[in-house]
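Encoded as C-alpha cells, the structure appears first; notes follow it.
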Amino acid sequence: MSVVNDTQAAASTGTETFEPKILAFACHWCTYSGADLAGLNRMSYPANVRVLRVPCSGRVNPQYILTALNKGVDGVLVCGCHPGDCHYVSGNYYAKRRLMAFRRMLQYTGLEPERFQVRWISGSEAGKFRDTVTSVVEQVRELGPYKPDPALAALIDSSVDASNPVLPEGGEA
Amino acid sequence: MLLKKERLNDILTDMAKQARVYVPVSPDANDGGGVGKSGKAKMTRFELYSPGTAPNFDLVNTTMPPKDMLFPQTQKMYRYGFDTEGNAYIDIIHDSDEVVIFGMRSCDARSIECMDDVFLSMGYDDEFYKQRREKLATVAIGCASVAETCFCDSMGLDPNAAPGADVQLSPGVDGQSYVVVAQSEKGQALVASWQPYLEDSTAETTQVSCALKVNGDGLKDKLEQMFDHPIWEQLSKKCLTCGTCTYVCPTCHCFDISQENKMKDGERFRCWDSCMFSAYSEMAGNHNPRPTKMPRVRQRFMHKLCFFEDRYGKTLCVGCGRCVEKCPVALDITMLIDDIQAADLSKAEEVA
Amino acid sequence: MTAIQESIQKRAAELLESGEVTQVIAWTNGRFTNQTSPLFIQNAADAGKIVFNEYCVNTLAKYVLNEKIAGKVGVCVRGCEARGINRMIADNQLKREEVYLLGIPCEGMKDRETGEALDKCLTCTHKNPVVYDELLGAEVTDTVSEEIDKVRFAQIEAIEGMSREERLEYFNNVFNSCIRCYACREVCPVCTCRECFVDQLRAGWQGKQNNLNENRFYNLIRVFHIGDRCVECGECARACPMGLPLMELNRKWIRDLDELFAAGEEGLSDELDNTLGRYKTDDIEEFM
Numbered sequence: 031m032s033v034v035n036d037t038q039a040a041a042s043t044g045t046e047t048f049e050p051k052i053l054a055f056a057c058h059w060c061t062y063s064g065a066d067l068a069g070l071n072r073m074s075y076p077a078n079v080r081v082l083r084v085p086c087s088g089r090v091n092p093q094y095i096l097t098a099l100n101k102g103v104d105g106v107l108v109c110g111c112h113p114g115d116c117h118y119v120s121g122n123y124y125a126k127r128r129l130m131a132f133r134r135m136l137q138y139t140g141l142e143p144e145r146f147q148v149r150w151i152s153g154s155e156a157g158k159f160r161d162t163v164t165s166v167v168e169q170v171r172e173l174g175p176y177k178p179d180p181a182l183a184a185l186i187d188s189s190v191d192a193s194n195p196v197l198p199e200g201g202e203a
Numbered sequence: 147m148l149l150k151k152e153r154l155n156d157i158l159t160d161m162a163k164q165a166r167v168y169v170p171v172s173p174d175a176n177d178g179g180g181v182g183k184s185g186k187a188k189m190t191r192f193e194l195y196s197p198g199t200a201p202n203f204d205l206v207n208t209t210m211p212p213k214d215m216l217f218p219q220t221q222k223m224y225r226y227g228f229d230t231e232g233n234a235y236i237d238i239i240h241d242s243d244e245v246v247i248f249g250m251r252s253c254d255a256r257s258i259e260c261m262d263d264v265f266l267s268m269g270y271d272d273e274f275y276k277q278r279r280e281k282l283a284t285v286a287i288g289c290a291s292v293a294e295t296c297f298c299d300s301m302g303l304d305p306n307a308a309p310g311a312d313v314q315l316s317p318g319v320d321g322q323s324y325v326v327v328a329q330s331e332k333g334q335a336l337v338a339s340w341q342p343y344l345e346d347s348t349a350e351t352t353q354v355s356c357a358l359k360v361n362g363d364g365l366k367d368k369l370e371q372m373f374d375h376p377i378w379e380q381l382s383k384k385c386l387t388c389g390t391c392t393y394v395c396p397t398c399h400c401f402d403i404s405q406e407n408k409m410k411d412g413e414r415f416r417c418w419d420s421c422m423f424s425a426y427s428e429m430a431g432n433h434n435p436r437p438t439k440m441p442r443v444r445q446r447f448m449h450k451l452c453f454f455e456d457r458y459g460k461t462l463c464v465g466c467g468r469c470v471e472k473c474p475v476a477l478d479i480t481m482l483i484d485d486i487q488a489a490d491l492s493k494a495e496e497v498a
Numbered sequence: 003m004t005a006i007q008e009s010i011q012k013r014a015a016e017l018l019e020s021g022e023v024t025q026v027i028a029w030t031n032g033r034f035t036n037q038t039s040p041l042f043i044q045n046a047a048d049a050g051k052i053v054f055n056e057y058c059v060n061t062l063a064k065y066v067l068n069e070k071i072a073g074k075v076g077v078c079v080r081g082c083e084a085r086g087i088n089r090m091i092a093d094n095q096l097k098r099e100e101v102y103l104l105g106i107p108c109e110g111m112k113d114r115e116t117g118e119a120l121d122k123c124l125t126c127t128h129k130n131p132v133v134y135d136e137l138l139g140a141e142v143t144d145t146v147s148e149e150i151d152k153v154r155f156a157q158i159e160a161i162e163g164m165s166r167e168e169r170l171e172y173f174n175n176v177f178n179s180c181i182r183c184y185a186c187r188e189v190c191p192v193c194t195c196r197e198c199f200v201d202q203l204r205a206g207w208q209g210k211q212n213n214l215n216e217n218r219f220y221n222l223i224r225v226f227h228i229g230d231r232c233v234e235c236g237e238c239a240r241a242c243p244m245g246l247p248l249m250e251l252n253r254k255w256i257r258d259l260d261e262l263f264a265a266g267e268e269g270l271s272d273e274l275d276n277t278l279g280r281y282k283t284d285d286i287e288e289f290m
C-alpha cells in the first residue's frame, strides 16, 4: 500500500485528474478468494483499490479505518463473508454490529457515508467484488480527496526554511 | 503616557501589520457560540488578532495560558528523509514571525521568566525556544479585578505590576484608560510606535490584591524534609492523574520528543508532556520509577514549590489559579500548601 | 440533605470503628463556597468531615479500583455511582464483596458557578442507587422515562438535523479544542484497561501530536471502546477542562445501539452483557 503524505496529496490535486486511493480490507476466506477469482476470470476493475488481506472481517478494528483515513487514503472498504458463512463461525456477526455503529458515528461527526463502506462478498462472487470496488472508486472520485481539515493541510510546511538544510555528520552527501 | 481604551483597536490593528498579535478572546465575543452552538470550547485563550476580532481585556485570566506562543503544544523541529536522488536531508523548521502577546497578566509575565530560566540559562540555550523568545514582545495589563482563585501576591508577585513584561499597562481608576510604561528596549520601541495614539498625561491607577491568601513562608525548607512524609499518600488519593493541571499551567514546561515517519520522509516534533501520565517516567524495558499516583503527585508539587526554587531561586507556581479552577476533583494547590504547612514533620522521620 | 449527611457521617464512623471497611469514600468541602471534593477517611474520628449537599458533583465510583487494594472500601453511591460499580463488577474489575455501598437517593446536583442543575443530572434516568448495602434516606421518584429521553437525546437529534458540512465543522471545533489531558478517560468507570490504547506507544495507535486528526482519532476511539458499556454518569463531560460536550458522542452510540440492537441501559445489573460483545443471527442487515 502506498501512502502519500499530505503535501504530496495537496500537490497532486491541481490540474491533474484526481485518482482516489481506496483501502479494501478483505477477509482471507471469502472476499480475498472472490478477488482472486475476479483476477482468474480476467475481470477488470479500477487499480485505485489496495487490497489488504485480514483473517476475518471481525479482525478489522475501527482504529484501522481511522488510521488509514488519517494517513492519506480517500476511502475504506471492508469486506467479509456473508453472515452465516464465517470461517470462524461468528466473526462477521461481531464485525457487523461494530461497523454498523461505527459507520453511523463517522457520519455523525461529518464523514461522507461513501468514504467508508462494508460489503459481504463470498469466494464465488467475483462479479460482486468487481462491481463493489468499481462503485466505491467512482463514488469517492466524485467526492474528491479526503480532507477533513483544509486549514491543517495548509499549515503543514508553512514555515520551513528550506534554504538551510543541514546534513547529518557522516551522512550521505 | 496615557492610552484611552477606545484607541486600543487602532494600536492592535497597526501592530498586526508587522507582527502576529495575540489577544485574550472569549468565544462568546467572537462567534456568539459556545458549546451547543458551534462546538467550540467553553474556554478563553489568546488568539491571533485580526481586524474584527473582539479582544476581551477584562478577563481576569484566560483558561489556557499564553505559553503556547513560546512553547507550542506541538512544535515541529525538523524534517528529514531522502530526496529524489537518494541523498539524506534535514530541514530545520524555523519560526521567524515577530509575535506580540498583548494583555497578559502579571502571573503570565512571571511564567515567561520561569520558562526563560529553564530554556535559556544554566549554560544551555534551547534553540527553538530562543528563536521564538527573541521575536516576542509582551504587553502586560495590570489586573482591574481578581478571580476568587487568584493568589499571585502570596507567591511573591504583584497583580498590579509585571516587571518581566516589555510594556506595562495599568488600568486607570476611571476605567477608560491605561497608564503606559515601557520596561525594556523592546517595550520602548513598541511604545514609540504607539505614539500617535497616546496622550501625554497620567492618571491614578487601580490597585488590587488577591482575596485568596496562602502562607508560603518556609515552604521550601519544610518540603525538603517531607519527601517521605505519609501525607503524600493521603493528598494524592483524589488525583485522577489526568493532565489538566499541567496543561493549563503557565509554567509547566515538560515535553516529549517524538517522530512520525511516512515512507522515506519523517518529521521530528516535541509536544507537551505531563508528569501525571504513566508514560512520562516510563523507561526502556517498561520500568517505571513512578508507577502510581502518589509519586507523580509528589513530583508535581515538589517541583513547583521546592526543586525549582533550589535550582533557579524562584517558585514555579505563579499563583494564577488555573489549576485550582480547572482540576476536575478540586485538588487545590492552595489547600495542599495549607496541609503541608500544618503537617507534622516527626512523621516523616518515623518513615525515613 | 442534612439528614442524609448526618446518616453518612454516622454510618461511616460505625463501619470504620467495627472494622467492616478500611476506608470510606465520600465528599468534603473545598476551599470555595459550594465547592466539594472527594474525601477518603480511614479513621472514625474524621467522619465529621463528610459533607453531602447539592454541590457534590464528583462521581466516586472509579476511585474504588485503586482503594480496594488496602481492604474493603465503603463508598457513597447514588444512581450514577451505583451503575458504575455494577459496570466494574460486570467487567471483572471489582468483586461485589470488596465494597460496602452506602446508597443515597439523589435529586441532582448543581454547578457551583451558575447555581443551575448539572447537565449530567438533567439527563439522569436513575436517581436512586440500583445497588446498595443500605439506603440512607427515602427513595426519590425518577422522571418519567419518555420525558427524560427527550432531554437525553435532544442534542443528538439537533446535530443529526444539521447538514454534513455543519456537522463536520461542529465536531472539528470540538476536537480542535481538545487538549488531550485524558481527564475523560481517567474519570470514567468504564475505562478500566490496565494499558490504554493511547499509552501503547510502540504500537503507535495514538500519535503524540496535538492536531485535529489525532484528537479526532482519540475521541472517536475512546467512545468506540466505551460506547456499548457507558453508564451515562456524564463524568467525562463534567471533568473536561475545556467543557467539551463529550456525552454527545457517547449518547450517539447509546441511541444507535438501542435502536439497532435493543441495547437498553447499562449498569443496571452486574451481569456482563455488552451489545457489541454479543450478536444475533437475525440482526438487522445493511451490508448486503
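Residue numbers (the numbering used here), protein chains in the order written: chain A, 31 to 203; chain B, 147 to 498; chain C, 3 to 290. No residue lacks a Cβ here, since even glycine has one placed at the ideal position from N, Cα and C.
Item, Value
"Extract the residue ranges of the alpha helix (DSSP H) inside the region 41-123 of chain C, only unbroken runs of 4 or more that lie entirely within it.", "65-69 and 81-92"
"Between R279/B and L216/B, what straight-line distance do the alpha-carbon atoms span, to the nearest angstrom?", "6 Å"
"Distance check for R127/A and G180/B, CA to CA, integer angstroms please.", "Only weak support exists for where G180/B lies, its pLDDT of 44 falling under 50; the coordinates are left without a value."
"DSSP three-state call for G178/B: helix, strand or coil?", "Summary for G178/B: the model assigns pLDDT 42, below 50, so the residue's position carries little reliability; its value from the coordinates is reported in the next sentence. In this structure, G178/B counts as coil in the three-state DSSP scheme."
"I want to see whether chain C comes within less than 8 Å of G178/B, judged by CB atoms only; does it?", "Its pLDDT being 42, under 50, G178/B is placed unreliably in this model, and the value from its coordinates should be taken loosely. With 8 Å as the cut-off, G178/B does not count as an interface residue toward chain C."
"Give the secondary structure of F173/C by DSSP, where H, G and I count as helix, E and B as strand, and everything else as coil.", "helix"
"Would E193/B pass as an interface residue toward chain C - the criterion being a Cβ-Cβ separation below 8 Å?", "no"
"Anyone know if the C-beta pair for A56/A and R83/A falls short of 8 Å?", "yes"
"Can E83/C be considered in contact with the ligand SAM, in the sense that its beta carbon sits closer than 7 Å to one or more heavy atoms?", "Absent from the structure shown: the ligand SAM. Ligands present: none."
"Return no unless some Cβ of chain C is closer than 8 Å to the Cβ of T480/B.", "yes"
"Give a yes or no on whether 8 Å exceeds the smallest Cβ distance from C260/B to chain C.", "no"
"Assuming A49/C contacts A15/C under a Cβ cut-off of 8 Å, what Cβ separation, rounded to an integer in Å, is found between them?", "4 Å"
"Between the Cα of V132/C and the Cα atoms of F226/C, E162/C, L120/C and R89/C, which residue gives the shortest distance?", "R89/C"
"So, does the CB of G402/B fall closer than 8 Å to a CB anywhere in chain C?", "The amino acid occupying residue 402/B in the given sequence is Asp; Gly does not appear at that position. At least one chain C Cβ lies under 8 Å of D402/B."
"Counting only beta-carbon separations shorter than 8 Å, does F155/C have a partner in chain A?", "no"
"Give every residue of the same chain whose Cβ lies closer than 8 Å to the Cβ of Q25/C, excluding the five residues on either side of it in the sequence, and list them in chain order.", "L18, F42, I43, Q44, E69, A72, G73, V75 and G76"
"According to DSSP, Y235/B sits in a beta bridge with which residue or residues?", "G227/B"
"Using the Cβ count rule (16 or more neighbours within 10 Å means buried), how would you classify D144/C?", "exposed"
"Quick check: the Cα distance between P212/B and D254/B, rounded to an integer number of angstroms?", "7 Å"
"Measuring CB to CB, does V79/C end up less than 8 Å from L103/C?", "yes"
"Using the Cα positions of D346/B and P175/A, report the straight-line distance between them to the nearest angstrom.", "58 Å"
"Can you check whether the C-beta of D275/C is within less than 8 Å of a C-beta belonging to chain A?", "no"
"Mind checking if E142/A is an interface residue toward chain C, Cβ cutoff 8 Å exclusive?", "yes"
"Give me the chain A residues within the contact set of M290/C, using Cβ-Cβ distance strictly less than 7 Å, ordered along the chain.", "W150"
"In whole angstroms, what separates the C-alpha of E273/C from that of N94/C?", "10 Å"
"At a Cβ threshold of 8 Å, is K112/C touching chain B?", "no"
"Please list, in chain order, all residues of the same chain as K384/B whose beta carbon is under 7 Å from its beta carbon, the five residues on each side excluded.", "V475 and L477"
"What are the residues in the region 212-230 of chain B lying within 7 Å of chain C by C-beta distance?", "Q219 and T220"
"Going by other Cβ atoms of all chains shown within 10 Å of its Cβ, with 16 needed for buried, is L70/A buried or exposed?", "exposed"
"According to DSSP, what are the bridge partners of I247/B?", "Y168/B and T284/B"
"Is it true that the CB of G140/A sits closer than 8 Å to the CB of R166/C?", "yes"
"Pull out every residue of the region 423-456 of chain B whose Cβ sits closer than 9 Å to any Cβ of chain C, in chain order.", "F423, S424, A425, E428, T438 and K439"
"How far does the beta strand (DSSP E) with N31/C in it reach, from first residue to last?", "Q25 to N31"
"With DSSP as the reference, identify every bridge partner of I52/A, one or two as the case may be.", "V79/A and G105/A"
"Fully enclosed by the region 91-174 of chain A, which beta strand (DSSP E) runs are 3 residues long or longer?", "105-110 and 146-150"
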